[in-house]
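Chemist: Just so we're aligned, residue 82 is where the sequence shown starts under my numbering, counting upward by one. For every residue, glycine included, the Cβ atom is placed at its ideal position computed from N, Cα and C.
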Amino acid sequence: MTEARAVVSTGKGKPVEVTTIHVPDPGPGEVVVQVQACGVCHTDLHYREGGISDDYPFLLGHEVAGVVEQVGAGVEGVAPGDFVVLNWRAVCGVCRACKRGRPQYCFDTHNAAQPMTLPDGTPLSSALGIGGFTERTLVHSGQCTKVDPATRAAAAGLLGCGVMAGIGAAINTGQVGPGDSVAVIGCGGVGDGAIAGASLAGARRIIAVDKDPEKLVRAREFGATHTVHAAEADTVEAVRELTGGHGADVVVDAVGVPATYEQAFYARDLAGTVVLVGVPDPSMRLELPLLDVFARGGALKSSWYGDCLPERDFPVLAELHLQGRLPLEKFVSEEISLDDVEAAFEKMSRGEVLRSVVTF
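#1: Let me know if V434 comes out buried or exposed under the rule of 16 or more other beta-carbons within 10 Å of its beta-carbon.
#2: For Q195, which residues of its own chain have a beta-carbon under 6 Å away from its beta-carbon, when the five flanking residues on both sides are left out?
#3: Quick check on this structure: which residue in V309, D189, I133, L297 has the alpha carbon closest to the alpha carbon of G174?
#4: Pull up the CB-CB distance for Q404 and A234, whole angstroms please, since I reckon it's below 8 Å.
#5: Anyone know if the C-beta pair for F214 and A85 falls short of 7 Å?
#6: When the Cα atoms are used, what is the spatial distance from V99 to V228?
#7: Determine the burial state of G429: buried for a count of at least 16 other Cβ atoms within 10 Å of its Cβ, exposed for fewer.
#8: Taking DSSP as the reference, what is the three-state secondary structure of S222?
#9: Closer than 8 Å is the cut-off here; do at least three beta carbon pairs connect the segment 329-338 with the segment 368-375?
#10: Please look up how many angstroms separate the CB atoms of V355 and A345, rounded, as I've assumed it's under 8 Å.
#11: Measure the CB-CB distance between L140 and Y128 and report whether it falls below 7 Å.
#12: Spatial neighbours of A178 within its chain, please: CB distance less than 6 Å, with the 5 preceding and 5 following residues excluded, ordered by chain position.
#13: Consider the Cβ of A380: report whether some Cβ of chain B lies at a distance smaller than 7 Å.
#14: Am I right that N168 and G241 are in contact with their C-beta atoms under 8 Å? What's the rounded C-beta distance?
#15: When DSSP labels each residue in this structure, what does D373 get in the three-state scheme?
#16: Rounding to the nearest angstrom, what Cα-Cα distance links G132 and L209 in this structure?
#17: How far does the alpha helix (DSSP H) with V290 in it extend, from its first residue to its last?
#18: Does I252 come out as helix, strand or coil in the three-state DSSP assignment?
#19: Let me check one thing: in DSSP terms, what residues is G120 bridge-paired to?
#20: By the 10 Å Cβ neighbour count, where 16 or more other Cβ atoms means buried, how is E410 classified, buried or exposed?
#21: Over what stretch of residues does the beta strand (DSSP E) that includes G353 continue unbroken?
#22: Which of the three DSSP states, helix, strand or coil, is assigned to V333?
#23: So what does DSSP say about I276, is it helix, strand or coil?
#24: Where R45 and S134 are concerned, what is the direct C-alpha to C-alpha distance, given to the nearest angstrom?
#25: Give every residue of the same chain whose Cβ lies closer than 8 Å to the Cβ of A282, excluding the five residues on either side of it in the sequence, and list them in chain order.
#26: So, is P138 buried or exposed, given that buried needs 16 or more other C-beta atoms within 10 angstroms?
#27: Helix, strand or coil: which one does DSSP assign to T83?
#28: For a quick check, are the C-beta atoms of H307 and L297 less than 7 Å apart?
#29: Going by DSSP in three states, F346 sits in which element: helix, strand or coil?
#30: Would you kindly report the start and end of the unbroken beta strand (DSSP E) that includes K411?
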């Protein structure tokens with residue numbers, strides 16, 4: 082067992098605390114990772130606010146890059162010294178999705194069996210089974226994906242959640258291809274990831290939609306060819322105007338509220354695809370004319386973790402970054418310490434940052 086400084090959420094809406102935790106030695110199939118960087122994701126704020134569950138205390142953080150420090154019995158595929166990005170989809174290989182050759186939909190992903198604890202023995206609930214706002218964390222070996230160690234940790238860790246969710250929403254779920262037109266509603270970290278993914282896939286026209294003009298400027302850095310200021314223009318009409326009056330082939334809703342989903346539905350071309358990657362509030366309800374759902378054809382999809390397979394996708398995206406084709410570094414707004422996480426949540430809520438990243 083080792084000690085580590087960590088960011089812990091003790092109750093709904095309470096400011097987070099930086100405290101000492103106990104990290105067990107790895108058991109069978111487990112790995113201790115020395116954390117080098119961890120992004121501050123909106124999901125962590127959801128945990129603090131009780132939007133995920135009420136299983137406090139939470140060890141927050143999940144967009145992690147680091148180095149394997151110890152491995153438990155039976156671990157294969159990673160060894161001490163390996164540079165890894167952590168994921169929350171460590172596929173089981175035996176559930177019905179895995180057996181059907183669809184591991185990206187695995188229904189029984191692996192996590193560490195042992196909990197990390199407070200010094201008094203209170204078990205911690207690790208955010209998305211990772212818990213990355215700490216000097217070291219205990220995870221299942223399947224949550225570790227090796228990537229090229231030349232990748233800077235602050236950028237690499239963002240592949241672990243938000244950036245991957247956006248890129249995957251465009252490429253894996255939306256199946257954007259060369260020459261397609263794409264609209265992305267909401268240009269935060271996930272939305273900009275979708276824009277970057279559409280650019281990688283060869284989309285001809287990429288339309289960024291947001292109410293914040295500064296976010297629209299930033300969206301162009303990730304590959305947007307056109308922008309729509311949603312506070313001043315009708316989103317549906319603007320997207321149609323930019324696509325010859327037809328609508329986009331793929332529309333990604335990276336906000337996740339009924340109003341933006343309806344915009345996405347009507348801003349797509351006939352037989353086009355809507356991808357929902359923004360996470361809705363559990364209380365939200367959607368109403369659409371069923372005849373329109375039928376008549377417009379196409380596909381209405383949701384994208385969970387960008388339908389990614391970490392073992393396949395993380396190394397490729399890290400390599401594309403090293404080749405200069407994926408600007409991961411532009412997602413990093415600032416590098417901070419563990420003591421700055423609460424302030425980072427406030428900046429995130431005000432829309433002042435794309436990603437704050439805790440670095441060690």
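Modeler: Result, derived from the coordinates:
#1: buried
#2: P105, G108
#3: D189
#4: Their Cβ separation, rounded to whole angstroms, is 18 Å, which puts Q404 and A234 out of contact at 8 Å.
#5: no
#6: 29 Å
#7: The question names Gly, yet the displayed sequence has Met at residue 429. Label assigned to M429: buried.
#8: helix
#9: no
#10: 5 Å
#11: no
#12: Y186, C187, F188
#13: Given the protein chain composition of this structure (a single chain), no chain B is represented.
#14: 6 Å
#15: helix
#16: 13 Å
#17: Run containing V290: none in the alpha helix (DSSP H); it sits in the beta strand (DSSP E), 286-291.
#18: helix
#19: E144, V438
#20: exposed
#21: 349-357
#22: strand
#23: helix
#24: Past the edges of the chain, shown from 82 to 441, lies residue 45, and the structure says nothing about it.
#25: A251, I252, V257, G258, P259, D261
#26: buried
#27: strand
#28: no
#29: helix
#30: Note, K411: premise wrong, no beta strand (DSSP E); not H, not E.
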